[in-house]
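Quick note: the sequence shown uses this note's numbering, first residue 248, plus one each step. Where is the CB? At the ideal position from N, CA and C, for every residue including glycine. Here is the structure we will look at, set down as C-alpha cells.
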Amino acid sequence: MKKLIPLLVGAALLIPGGASGVSAADYSTDVAMRAPTKVTVGEKIRVVVRPRTAGDSEEICTGELVLVVKDEAKEVVKTAGKPVRDRVSFAFKLRDPGTHRLVAKYQRGEEDPCSESRARRALRVVKRKA
Numbered sequence: 248m249k250k251l252i253p254l255l256v257g258a259a260l261l262i263p264g265g266a267s268g269v270s271a272a273d274y275s276t277d278v279a280m281r282a283p284t285k286v287t288v289g290e291k292i293r294v295v296v297r298p299r300t301a302g303d304s305e306e307i308c309t310g311e312l313v314l315v316v317k318d319e320a321k322e323v324v325k326t327a328g329k330p331v332r333d334r335v336s337f338a339f340k341l342r343d344p345g346t347h348r349l350v351a352k353y354q355r356g357e358e359d360p361c362s363e364s365r366a367r368r369a370l371r372v373v374k375r376k377a
C-alpha cells in the first residue's frame with residue numbers, strides 16, 4: 248500500500264503532460280534549403296526547399312512555401328510561392344551581378360497547426376567571362 252500511493256500520484260502527474268505533448272497544435276516546422284552559393288549572370292538557379300515536420304507535411308500543413316530573393320539594397324527582386332509538398336523546387340535567373348539574399352520561409356494557412364519558419368542563404372552572382 249505504501250508503494251501504491253506514490254505510484255498513483257506519479258501517474259496522475261504524467262497523464263496531463265503526455266496528453267498536451269501529443270496535441271495537434273504543437274507541430275514545429277523547420278525549413279531546409281539547398282541552393283548554390285555562386286552563379287554567373289543569366290544562369291538558371293535551382294533552389295530546393297523541404298519542410299521538416301513531425302509527420303507528413305503535405306497532410307498536416309495547410310500553408311505555402313515562399314522563396315524571396317533580395318538584392319544588396321535589401322529590395323525584393325523575385326518572389327514565388329508554392330503549396331507544401333515533401334520537396335518543392337524553384338527555378339529562376341538573375342540578371343544583375345552582386346550579392347543576393349535567398350530567404351525560404353513557410354507561411355501558415357488558415358487553421359494551420361504548423362509553425363512559421365525560415366532559412367536564409369547568401370548567393371553571389373558574378374559576371375560572365377568574355
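Would the beta-carbon of residue i fall within 7 Å of that of residue j?
i      : j      : result
Ala279 : Val294 : no
Lys325 : Val331 : no
Would you kindly report the start and end of the unbroken beta strand (DSSP E) that includes residue i?
i      : result
Ser362 : From DSSP, Ser362 is part of no beta strand (DSSP E); its letter is neither H nor E.
Ser275 : Neither: Ser275 is in no beta strand (DSSP E) and is coded neither H nor E.
Taking the alpha helix (DSSP H) that residue i falls in, what are its first and last residues?
i      : result
Glu305 : 304 to 307
For residue i, which residues in the same chain have their Cβ closer than 7 Å to its Cβ, ignoring the five residues on either side in sequence?
i      : result
Thr300 : Tyr274, Thr276, Ile307, Cys308, Cys361
Arg355 : Gly310, Cys361, Glu363
Thinking C-alpha only, which one of the options is nearest residue i?
i      : options                        : result
Val382 : Val313, Lys325, Arg342, Leu341 : Because the chain is modelled from 248 through 377, residue 382 falls outside the range shown and cannot be assessed.
Val350 : Gly289, Lys285, Lys321         : Lys321
Glu358 : Gly310, Gly345, Leu341         : Gly310
Asp333 : Gly345, Arg348, Gly302         : Gly302
Phe337 : Ala327, Thr346, Glu305         : Ala327
With a CB to CB cut of under 6 Å and the five nearest residues on each side skipped, what residues in its chain are close to residue i?
i      : result
Lys352 : Val313, Arg365
Ala266 : Bear in mind that a pLDDT of 41 at Ala266, under 50, signals an unreliable position, so the model cannot answer this.
Lys376 : none
Considering only residues of the same chain and omitting the five flanking positions on each side of residue i, which have a CB-CB separation below 8 Å?
i      : result
Asp343 : Val288, Asp318, Val324, Val372
Thr284 : Arg368, Ala369, Leu370, Arg371
Val286 : Ile292, Leu341, Leu370, Arg371, Val372, Val373
Ile252 : none
Thinking residue i and residue j are a contact (beta carbons under 8 Å), I'd like their distance in whole angstroms, please.
i      : j      : result
Lys329 : Lys291 : With 8 Å as the limit, Lys329 and Lys291 do not qualify as a contact, their Cβ atoms being about 17 Å apart.
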